[in-house]
Structure formats: C-alpha cells, structure tokens
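Residue numbering for the sequence shown follows my numbering, starting at 3 and increasing by one per position.
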Amino acid sequence: MQIQQDFCRKLCDQNLLVDKYGMSPLSHILMNLILKFVLFFLVHLLYLVAIYQKLFRILLL
C-alpha cells in the first residue's frame with residue numbers, strides 16, 4: 003500500500019511539471035479553453051446558418 007501511494011505521488015509530482023506530451027498544466031488549461039471556445043463558436047455558427055436559411059426561405063417564398 004505504501005509503495006502504491008509513493009508511486010502515485012511520484013506520478014502526481016511529474017504531472018505538475020510535464021505530462022507524457024511534455025505539456026505543463028497551464029498549457030492544458032489553455033488547450034481546453036481554446037477547444038471549448040472553438041466548439042462553442044462552431045455550434046453558434048451552425049445555429050446562425052440555420053436561422054439565415056430559414057429567413058432566406060421566407061424571403062424567397
């Protein structure tokens with residue numbers, strides 16, 4: 003049990019500095035924010051396109 007705790011602690015210490023991709027926690031947070039923003043933007047873009055298509059159909063008919 004003690005060995006397992008030490009191993010986990012070592013892993014946690016390493017993760018605080020860099021993970022297996024060589025990225026720090028800060029860059030992970032930034033990546034997550036960028037991904038969330040991009041997804042949010044894409045969803046809204048699709049939503050706006052759908053609204054405009056409906057408006058154009060109403061205007062054309």
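The beta carbon of each residue, even a glycine, is placed where N, CA and C say it ideally should be.
Inter-residue Cα distance where the pair is residue i and residue j
{"i": "L55", "j": "L32", "result": "Just to set this straight, residue 55 is Gln in the shown sequence, not Leu. Rounded to the nearest angstrom, the two C-alpha atoms are 34 Å apart."}
{"i": "K38", "j": "L57", "result": "29 Å"}
{"i": "V45", "j": "L63", "result": "27 Å"}
{"i": "I51", "j": "L35", "result": "Reading off the sequence shown, one finds Val at residue 51, where the question assumed Ile. Their Cα atoms are separated by approximately 24 Å."}
{"i": "V40", "j": "R59", "result": "28 Å"}
7 Å CB neighbourhood of residue i in its chain, flanking five on each side removed
{"i": "L48", "result": "none"}
{"i": "S29", "result": "none"}
Contacting residues, own chain, Cβ-Cβ under 6 Å from residue i (five flanking each side not counted)
{"i": "D8", "result": "none"}
Residue i beta carbon near the ligand ATP (any heavy atom closer than 7 Å)
{"i": "I36", "result": "The ligand content of the structure shown is nil, which means the ligand ATP is not present either."}
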